[in-house]
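Colleague: Starting off with a structure, shown below.
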Amino acid sequence: MPRFSVAEASLWGCQFVQFLQDTGREQTSLRETLRTIYNQEFRGRTEARTPNFSCMLFALRTTHQVQVRGDLVKFKVKRHVVVADQYRRPRSNAQTSVATSASGQQLSSTPQMPQRYAKQWAELIRGKHGVEITSDYDQGNGNIRFPVVPGEPRTVAVLVQNRGTEVVTLQRFQAQQQARELSFTDEQGAVQGQSLLLHPGGMYPIQARCLTTCNGHFSAVVSFEFTKEPDVSFSISRYVAAIAESQLAKDLGPSAPFQPYEASLQRHVTVITEDGIPPDSSLKNELEREIPLGTYQYPKSLKDTILLGPNTSASSSWAAMRSLLEAPLQAENYYQKFQLLLHLEEIQMEVDIRRYDMQDVTMVQERALLVLDVPGVAENRPSLLRGDHLFAHLSSERDHSPLVRYKGYVHSVELDRVRLGFSSKLQKKFVKNLKFDVTFTFSRLPLQVQHRAVVLAVRPGLSSLLFPSASCHKSLFSGPFQPRWFNRKLETNEEQCKAVTHIVTGVSRPAPYLIFGPPGTGKTVTVVEAIKQVWTCFKDAHILACAPSNSAADLLCQCIIKDIAPQNVYRLIASSRSYREVPTDIRPCCNWDDEQSSYVYPSKERLSHYRIIITTLVTAGRSEELGLSPASVAGGPRAALQPGCGSRPSGTQLGGVGGGQAAAGTSLLCGRMRVKGRRGRMARWGRMLRTASLRLSSRLVSAGFAPGFFSHVFIDECGHAVEPESVVAVAGLLAPMDEENNPSGGQLVLAGDPKQLGPVLTSPLAIQYGLGTSLLERLMLHNPLYQKSSGGYNPQFITKLLWNYRSHEAILRIPNELFYDNELKVCRSNGLDIRNLFCTWEELPKKGFPIIFHGVCGEDQREAKSPSFFNTAEIEVLVHYLKRLLQSRGRGSCPSVSPKEIGIISPYRKQVEKIRKAITCLDPDLQELPDISQLKVGSVEEFQGQERQVILISTVRSCSTYLQFDQTFRLGFLKNPKRLNVAITRAKALLIVVGNPTVLSKDHHWLRFLRYCKEQGGYTGYPFEEEGTAEDRLANDLQALQLRV
């Protein structure tokens, strides 16, 4: 038998690792599996003599290219790191400018405008033929900015200087549609059109004057047109702006000039990874795993196709990809299309996570761990959970190739501090103040679970759930359904009664039943009542209740255990969730073990004794890996569902969440999730919640529960989940009705609102081709059973809830008109109606109309490396209203209101950050208020599903040049009606909107809202006229002006 040196065996080992990569199995880590691949596949590819597996593995260990721990083998893989940004890929000329503007260099000061105008502007402002335009307030790049004080006129000089050797004539001075607060004068009438000779060395002043009554940004583009002999004409332009701002706005201004994000996205780097030390697992997991979870890696060729674009040698691959994307979704291409969409999303996620990377940062050593400060991790920017990992390499080695990087596992996250386990090799190198570059990653588990769900979805029978065509018209009751209502209020709500009745009788089967729940109409209340009725009426029913987020699943549990004893309910929670965040009233029925101080996952047999299991969507997917079959349930195979006696259970009532309470969310100071009350359930808490939730549903799928085990699957807030995420709770868990083989087949219930925000995605291609469309929305858009006819919706398949219990009638009117066909009705209150509390507040422009639109003429600003916008003029106004609300203490017709009853919404992360800074750090009056940390400031997504007595909204944008930019990147309020709908409908009693009316009016939804506020007397602040802003005028002028050089 030939003997191999370590070097020779190591070379064969490297070839084997490459073979694993080429065949998509580089994640394989079991020693015996690798041995089988090596002996049966790899060695058979060559006739040359090769070392045996043990010899090859020993050589790789000796040369530090592999780590072996027991039966686990981890390769230190060398690979090229390349990411493919779908926003930067080659496109048509019309689209290229938009993509370029996302990262193009901005002007050094206002106005900030896309790259496509920068060259034109540079030519316009350039001095020509010895003529220069100067000012004491010149900020560079053709910008003249000077401060003003409201109520005090201010004049500054703009000087025209002839530094050449020939006479020139100023033929015309033109101010392009300047703000009404800004005017220009001169002594010899040049502003009125008189020509003026400028001799060499001559200088002539133009006076710019501003008088304003309010803070803001008031500007104009001015053009100086000249002639000189013989027959030469040219022009020079300037952007002149007067800025009126408070000290607060100055303190909130840009911390550093804006620097566009410039990642080396196409740089090839060879890396060698040193594995770290994962946290110890004390998790007690008795839950079987019978259905494996694959890796579902995207093919390298797909990334290459995106990198090369449609107009290259890869055009045939691009055409094939686009053909599948554009094909209508149907049962025949269901798996293939969603697999491609999920791959596209993952590829873009790899790009976006790079924005969180850090350079030249230090860590602190605490025993065997290193501690890294990660600003924003408390808000899941980026999301890091126990067990996740990141990579770090020495900053001094960043240009090395190969680059040695160290994999650090997250052991714990405490506010902004992350405790990491790195290899002993890095620990030995570590010294105080050693600098690192840090690269973040994301968990692939949610993607893997969704991939598996769409694979399982192609099994026979599920098409009747995903592509329903008819009902079998078979009721589970022989006679009429006569319920004893748990929630007596439902008796007076026809739509809610109708929905519960159709769900319990099962008349839509095998088609899903849909609950279309506009804001504040009691959608979750309806779902909970239906669950309780099913539990009561069918003694052999097993119910799976799911939601996309932990907070939504918690709410379901809280409401259910009000009437059903906790011993009948099991709340399955992911191990990555902090137990401190679990509401105390559901802890008796969740999977936390006090003795072990950890979460446990009971066996399939034990879980089968619970008739109601509540999980997040991804957790449900794990039950298939378990293998629960009807025969494994006590009593043997389940017979057809038979109605029970209908008696009301007398279970223990725990402090469940009632209607109308303020919700949880991020606290202002630390940004941590806290479930404080009723509507906190809905905030899509970044990717953290999706990851944790998908883990739980997937556990049930992984366990191998037979498809017939669950008789009913309820998915609340279905509109927030991508379709594969919802399918996780269905594929492998629910057996659809079949008249011949499964007449008592299960009922799927989907509840949500397609008019509100859907799932948060990153890939423009995935968004464009349908991944952002939830299962609920797809059925309502494209399936005839769920579409509205002249007579309304078919109640056999869908119910639209109509009675709104949340908002004042004035607040509800525009969303009702724009999104809900004017069908929503305000439910009257018999007692004190909190919706009327602010109708006499002295700050209202019109008493009785609890809406304020405060017009502001601010400016869009960005700072440092953040691409997000902020607007300090709007923050000034927000702080004014906030202080009047919180300092009133019941005076001035303003009811006493606490910080937790107020919410502030803005669509831009940087504006949220600046508002928080103003409240907690800069305004002394607000800082001293008790419980100010309970005031929530967040994005629209963070407020979805929540409500507050008072909502303040900052729209931020003051330049419509970026409207296409916002639409392309799914930012802001404009061009996104769902975001507008969610923001407005959070308010119960008072709505205050602060924004630039001229920009907002360019969107027809916002224009309708603005006109409504003006008609009803609720408009105040900067006068609203439907005309262009200064930045818009600049963009127009750049296109209109004739450049004469």
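Residues in the sequence shown are numbered from 1 upward in steps of one, following my numbering.
Where is the CB? At the ideal position from N, CA and C, for every residue including glycine.
Note that the structure is predicted; figures quoted are calculated from it, not measured.
Hey, which unbroken runs of the alpha helix (DSSP H) at 4 residues or more fall wholly within the segment 905-970?
Modeller: Counting whole runs of 4 or more residues, the segment 905-970 contains the alpha helix (DSSP H) stretches 909-917, 924-927, 940-943, 963-968.
Colleague: Only counting the same chain, and skipping five residues up and downstream in sequence, which positions put a Cβ closer than 7 angstroms to that of Ser463?
Modeller: Counted from its first residue, the sequence shown places residue 463 at position 463. These residues qualify, in order along the chain: Ala331.
Colleague: Check whether the Cβ atoms of Arg386 and Ser575 sit closer than 9 angstroms, and answer yes or no.
Modeller: In the sequence shown, residue 386 corresponds to position 386, counting from 1. In the sequence shown, residue 575 corresponds to position 575, counting from 1. It is a contact, given that the beta carbons lie within the stated cut-off.
Colleague: For Ile875, I'd like the list of residues in its chain whose CB is within less than 8 angstroms of its CB, leaving aside the five on either flank, ordered along the chain.
Modeller: For the purposes of this step, residue 875 is taken as residue 875 along the sequence shown, with counting starting at 1. Excluding sequence neighbours, Ile875 sits near Leu248, Ala249, Leu252, Gln911, Lys914, Ile915, Ala918, Ser954.
Colleague: Starting from the C-beta of Thr63, find all residues in its chain whose C-beta is less than 6 angstroms away, skip the five residues before and the five after it, and write them out in chain order.
Modeller: Locating residue 63 in the sequence shown gives position 63, counting from the first residue. Cβ within range, chain order: Ser10.
Colleague: Mark Lys975 as exposed unless 16 or more other C-beta atoms lie within 10 angstroms of its C-beta, in which case mark it buried.
Modeller: Position 975 of the sequence shown, counted from the first residue, corresponds to residue 975. Buried is the call here.
Colleague: Does the contact criterion of 3 or more C-beta pairs under 8 angstroms hold for the segment 433-448 versus the segment 388-407?
Modeller: Result yes; three or more Cβ-Cβ pairs closer than 8 angstroms.
Colleague: Tell me where the beta strand (DSSP E) around Pro147 begins and ends.
Modeller: Here residue 147 refers to the residue found at position 147 of the sequence shown. Taken as a continuous stretch (DSSP letters only), the beta strand (DSSP E) holding Pro147 covers 143-148.
Colleague: Check the C-beta distance from Leu761 over to Glu723 and give it rounded, since I have them as a contact under 8 angstroms.
Modeller: The residue you call residue 761 lines up with position 761 of the sequence shown. The residue you call residue 723 lines up with position 723 of the sequence shown. Actually they are not in contact, since the Cβ atoms of Leu761 and Glu723 sit about 12 angstroms apart, beyond 8 angstroms.
Colleague: Thinking Leu1000 and Leu952 are a contact (beta carbons under 8 angstroms), I'd like their distance in whole angstroms, please.
Modeller: Residue numbering aside, residue 1000 sits at position 1000 when the sequence shown is read from its first letter. Residue numbering aside, residue 952 sits at position 952 when the sequence shown is read from its first letter. Going by Cβ atoms, the distance from Leu1000 to Leu952 rounds to 16 angstroms, so no, they are not a contact pair.
Colleague: When you compare the CB positions of Val168 and Ala208, do they come within less than 9 angstroms of one another, or not?
Modeller: To locate residue 168, count along the sequence shown from 1; it is residue 168. To locate residue 208, count along the sequence shown from 1; it is residue 208. Not in contact: Val168 and Ala208 (Cβ atoms no closer than 9 angstroms).
Colleague: What does a CB cutoff of less than 6 angstroms around Phe42 pick up in its chain, not counting 5 residues either side in sequence?
Modeller: For this step, residue 42 is matched to residue 42 along the sequence shown. Once the five neighbours on either side are set aside, the close Cβ partners of Phe42 are Phe16, Phe19.
Colleague: What would DSSP say about Trp12, mapped onto helix, strand or coil?
Modeller: The sequence position of residue 12 within the sequence shown is 12, counting from 1. If DSSP states are grouped into helix, strand and coil, Trp12 belongs with the helices.
Colleague: Out of Phe481, Tyr513, Arg488, Trp592, which has the shortest C-alpha to C-alpha gap to Phe538?
Modeller: Here residue 538 is taken as the residue at index 538 of the sequence shown, counted from 1. Considering only alpha carbons, the answer is Phe481.
Colleague: Buried or exposed: Cys589, going by 16 or more other Cβ atoms within 10 Å of its Cβ?
Modeller: Here the question's residue 589 lines up with position 589 in the sequence shown. Answer is buried; the Cβ neighbour count reaches 16.
Colleague: Within 8 angstroms, do at least three Cβ pairs link the segment 878-887 to the segment 924-933?
Modeller: Yes, the segment 924-933 touches the segment 878-887.
Colleague: Does the distance from the C-beta atom of Leu456 to that of Val727 stay below 9 angstroms?
Modeller: Start at 1 with the first residue of the sequence shown, and residue 456 comes out as number 456. Start at 1 with the first residue of the sequence shown, and residue 727 comes out as number 727. Their beta carbons are under 9 angstroms apart, which means Leu456 touches Val727 by this criterion.
Colleague: Where does Arg154 fall in DSSP's three states?
Modeller: Locating residue 154 in the sequence shown gives position 154, where the first residue counts as 1. Of the three classes helix, strand and coil, the one that applies to Arg154 here is strand, per DSSP.
Colleague: Would the beta-carbon of Thr616 fall within 9 angstroms of that of Gly855?
Modeller: As a first step, residue 616 is located in the sequence shown; it is residue number 616 there, counting from the start. As a first step, residue 855 is located in the sequence shown; it is residue number 855 there, counting from the start. No, the pair does not count as a contact, with Cβ atoms beyond the cut-off.
Colleague: Who are the Cβ neighbours of Ser5 in its own chain at under 8 angstroms, not counting the five residues just before and after it?
Modeller: As a working note, residue 5 is residue 5 in the sequence shown. Correct list: empty, nothing qualifies.
Colleague: Is Met349 helix, strand or coil by DSSP?
Modeller: By 1-based counting over the sequence shown, the position of residue 349 is 349. Here Met349 sits in helix by DSSP.
Colleague: Please name the residue, chosen from Leu198, Ile206, Trp1006, Gln178, that lies closest to Gly189 on a Cα-to-Cα basis.
Modeller: The sequence position of residue 189 within the sequence shown is 189, counting from 1. Here the closest residue by C-alpha is Ile206.
Colleague: When the Cα atoms are used, what is the spatial distance from Leu812 to Leu750?
Modeller: Taking the sequence shown and counting its residues from 1, the one referred to as residue 812 is at position 812. Taking the sequence shown and counting its residues from 1, the one referred to as residue 750 is at position 750. Approximately 25 angstroms between the Cα atoms of the pair.
Colleague: Using a Cβ-Cβ cut-off of 6 angstroms (strictly less than) and excluding sequence neighbours within five positions of Asp360, which residues of its own chain qualify?
Modeller: For the purposes of this step, residue 360 is taken as residue 360 along the sequence shown, with counting starting at 1. Around Asp360: Ser395, Lys435.
Colleague: Which full runs of the beta strand (DSSP E) of 3+ residues lie inside the segment 207-271, going along the chain?
Modeller: Counting only runs of 3 or more, we get 216-228, 232-244.
Colleague: Using 8 angstroms as the Cβ pair cut-off and three pairs as the minimum, do the segment 409-423 and the segment 364-374 touch?
Modeller: Touching, yes.
Colleague: Measure how close the beta-carbons of Leu341 and Gly770 come, nearest whole angstrom, since I'm counting them as under 8 angstroms.
Modeller: Looking up residue 341 in the sequence shown gives position 341. Looking up residue 770 in the sequence shown gives position 770. Between Gly770 and Leu341 the Cβ distance is about 7 angstroms, and since that is below 8 angstroms, they are a contact.
Colleague: Taking the straight line between their C-alpha atoms, what separation do you get for His1005 and Gln944?
Modeller: Reading the sequence shown from its first residue, position 1005 is the one you call residue 1005. Reading the sequence shown from its first residue, position 944 is the one you call residue 944. For His1005 and Gln944, the distance between alpha carbons rounds to 19 angstroms.
Colleague: What residues in its chain sit with their C-beta under 7 angstroms from that of Gly635, if we drop five residues either side in the sequence?
Modeller: Within the sequence shown, residue 635 is the residue found at index 635, counting from 1. In this prediction, Gly635 has a pLDDT of 34, which is less than 50 and means its spatial position is unreliable; what the coordinates show is noted afterwards. Nothing listed; no residue qualifies.
Colleague: DSSP on Arg25, reduced to helix/strand/coil?
Modeller: Stepping through the sequence shown from its first residue, residue 25 is reached at position 25. The answer is coil: DSSP assigns Arg25 none of H, G, I, E or B.
Colleague: Measuring straight from C-alpha to C-alpha, what distance separates Gly376 and Asp416?
Modeller: Taking the first residue of the sequence shown as position 1, residue 376 is located at position 376. Taking the first residue of the sequence shown as position 1, residue 416 is located at position 416. Between Gly376 and Asp416, the C-alpha separation is close to 7 angstroms.
Colleague: Looking at the unbroken alpha helix (DSSP H) that takes in Ser464, where does it start and where does it end?
Modeller: One-based indexing of the sequence shown puts residue 464 at position 464. Here the alpha helix (DSSP H) through Ser464 covers 463-466.
Colleague: Should Gly772 be labelled buried (16 or more other beta-carbon atoms within 10 Å of its own) or exposed?
Modeller: Residue numbering aside, residue 772 sits at position 772 when the sequence shown is read from its first letter. Buried is the call here.
Colleague: Among Val413, Ile586, Thr362, which residue has its Cα nearest to the Cα of Pro382?
Modeller: One-based indexing of the sequence shown puts residue 382 at position 382. The residue with the shortest Cα to Cα distance from Pro382 is Val413.
Colleague: Select from Pro512, Pro845, Leu60 the residue whose C-alpha is nearest the C-alpha of Val993.
Modeller: As a first step, residue 993 must be located in the sequence shown, where it is residue number 993. Selected option, being the one with the closest Cα: Pro845.
Colleague: When DSSP labels each residue in this structure, what does Ile1121 get in the three-state scheme?
Modeller: No statement about residue 1121 is possible, as the shown extent of the chain runs from 1 to 1045 and does not include it.
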